[in-house]
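> Just passing along the structure, written as structure tokens.
Numbering (my numbering), first residue to last: 15 to 225.
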């Protein structure tokens, strides 16, 4: 082969080889850059989600810390008032004064509203004889008008003391009269609503009735 041609061929071959090497190096650098970008992108994504989770956790913690803490057995004043009203309605309902229920019969109906100790104390004091005695002595019927509760003290053990006023109506076909009975009671919600103490100023009933 002509030496000149041979030289040209070698020069071209060398140029082509170098170009191939350059292209391959450029391709390798491009792949390396893509890989590094992907790694940085993944790190940024991970850090983004980590910051989001941290922010959500902080918000949740703040809500839990500052949210009012209510006892698991908390109950509304409306429910307590309804409970006491049901109890007093049974105690002070005499529809027929001639055939009025006895104190024992009334006590059986209200038993579920009281703790065992409170029930025994009420029975010992013959509290549920009051309404039948009034009905028989006046020959009039009795009904509950309303019960007004005023919270006095909430104790650490969950019991609540109340002062209350019971208004009852004593009536017949010709007349009617309302009287007030002052009292105090204690409510527990340890195992459902229960009355642990109920005291009424019975001595004033007669004064109110016949004044």
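Cβ coordinates follow ideal geometry from the N, Cα and C atoms, glycine included.
Which residue marks the beginning of the beta strand (DSSP E) containing residue 159, and which one marks its end?
Sequence index remark: in the chain shown, residue 159 carries index 145 (1-based). Looking at the DSSP string, the run of the beta strand (DSSP E) that includes residue 159 is 155-168.
> Have a look at 198, 216, 170, 217 and flag the residue whose alpha-carbon is nearest the alpha-carbon of residue 209.
Taking the first residue of the chain shown as position 1, residue 209 is located at position 195. Answer by Cα proximity: 198.
> Going by DSSP, what residue range makes up the alpha helix (DSSP H) through residue 139?
Counted from its first residue, the chain shown places residue 139 at position 125. Premise fails: residue 139 is in no alpha helix (DSSP H) and is neither H nor E.
> Please work out which residues of its chain come closer than 7 Å, Cβ to Cβ, to residue 123, disregarding the five sequence neighbours upstream and downstream, and give them in chain order.
In the chain shown, counting from the first residue as 1, residue 123 sits at position 109. Taken in chain order, the residues that qualify are 104.
> Residue 161 and residue 98 look like a contact to me (Cβ under 8 Å); what is the Cβ gap, rounded to whole Å?
Numbered from its first residue, the chain shown carries residue 161 at position 147. Numbered from its first residue, the chain shown carries residue 98 at position 84. Right, the Cβ-Cβ distance comes to about 5 Å (below 8 Å), so this counts as a contact.
> Residue 146 to residue 212, Cα distance in whole Å?
One-based indexing of the chain shown puts residue 146 at position 132. One-based indexing of the chain shown puts residue 212 at position 198. Their Cα atoms are separated by approximately 18 Å.
> Can you tell me where the alpha helix (DSSP H) holding residue 178 begins and where it ends?
Locating residue 178 in the chain shown gives position 164, counting from the first residue. Note, residue 178: premise wrong, no alpha helix (DSSP H); beta strand (DSSP E) at 174-185.
> What's the call for residue 229, buried or exposed, on a 16-neighbour Cβ count within 10 Å?
No information on residue 229 is available, as it lies outside the stretch 15 to 225 that the chain covers here.
> For residue 174, which option in 135, 191, 207, 121 has the closest C-alpha, if you only look at C-alpha atoms?
Here residue 174 refers to the residue found at position 160 of the chain shown. Comparing Cα-Cα distances from residue 174 to each of 135, 191, 207, 121, the minimum goes to 207.
> By the DSSP assignment, the alpha helix (DSSP H) with residue 123 in it spans what residues?
Position 109 of the chain shown holds residue 123. Residue 123 -> alpha helix (DSSP H) spans 117-124.
> What's the gap between the Cα of residue 194 and the Cα of residue 177?
Here residue 194 corresponds to residue number 180 of the chain shown, with the count starting at 1. Here residue 177 corresponds to residue number 163 of the chain shown, with the count starting at 1. In a straight line, the C-alpha of residue 194 is about 13 Å away from that of residue 177.
> Around the Cβ of residue 156, are there at least 16 other Cβ atoms within 10 angstroms (buried) or fewer (exposed)?
As a working note, residue 156 is residue 142 in the chain shown. Buried, by the Cβ-count rule.
> Straight-line CA distance for residue 181 to residue 101?
As a position in the chain shown, residue 181 is number 167, starting the count at 1. As a position in the chain shown, residue 101 is number 87, starting the count at 1. Cα to Cα, the separation comes out at about 13 Å.
> Measuring CB to CB, does residue 120 end up less than 8 Å from residue 152?
The sequence position of residue 120 within the chain shown is 106, counting from 1. The sequence position of residue 152 within the chain shown is 138, counting from 1. No, these two residues do not count as a Cβ contact at 8 Å.
> Hey, could you find the ends of the alpha helix (DSSP H) residue 91 is sitting in?
As a first step, residue 91 is located in the chain shown; it is residue number 77 there, counting from the start. Taken as a continuous stretch (DSSP letters only), the alpha helix (DSSP H) holding residue 91 covers 91-105.
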